[in-house]
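Residue numbers (my numbering): 4 to 170.
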């Protein structure tokens with residue numbers, strides 16, 4: 004599916020993944036800012052026709068135009084993008100025990116959303132250095148950690164009389 008719906012779904016998926024990174028970073032005492040997901044920035048970008056937002060011959064044309072004079076032009080002249088696969092595989096190997104533990108008591112598995120044994124097979128493939136669906140693994144573990152975090156959120160409930168007092 005292409006067009007506005009595809010674009011919005013892509014933005015939603017990336018912001019959800021980024022929220023997981025922010026949560027993990029905050030837990031480690033690291034503050035992360037993601038200014039390109041600001042509502043006004045997203046709205047401004049979406050107001051530009053799709054044909055002008057992406058280009059086969061220019062990297063990030065909107066960002067390049069917005070940052071002219073602020074960032075070195077070489078940043079927008081590159082024709083390749085970095086590959087982070089080695090870092091992802093290293094992270095999987097280094098944290099395999101903790102990831103296995105998450106799958107042994109998976110909230111997503113309990114809800115019937117995933118089959119933990121299938122995810123475990125994919126995890127073991129990645130940990131051994133074999134090809135694995137790294138993006139899918141990342142999403143599963145991000146949602147698992149998020150879902151577990153809900154256990155520690157304060158429960159909020161309102162009675163009709165409380166709502167009237169608030170309003």
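Ideal Cβ positions, reconstructed from N, Cα and C, are used throughout, including at glycine.
The distance from the Cβ of residue 56 to that of residue 48 is about 6 Å, consistent with a contact at the 8 Å cut-off. When the five nearest sequence neighbours on each side are left out, no beta carbon in the same chain lies closer than 6 Å to the beta carbon of residue 33. For residue 79, there is no enclosing alpha helix (DSSP H), since its DSSP letter is neither H nor E. Assignment of residue 73 by DSSP, reduced to helix, strand and coil, places it in the coil class.
Each residue's CA atom was taken as its position, placing residue 101 and residue 125 some 15 Å apart. Setting aside the 5 residues that flank it on each side, residue 88 is surrounded in the same chain by 137, each with a C-beta closer than 8 Å to its C-beta; the list follows chain order. Taken atom to atom, the span from the alpha-carbon of residue 150 to that of residue 72 is near 43 Å. Pairwise C-beta distances place the region 64-78 out of contact with the region 106-115, as fewer than three of them are shorter than 8 Å.
Beyond the five residues adjoining it in sequence on each side, residue 40 comes within less than 6 Å, by CB distance, of 18 in the same chain, given in chain order.
Annotation for residue 31: no residue places its beta carbon closer than 7 Å to its own, counting only its chain and skipping 5 residues before and after.
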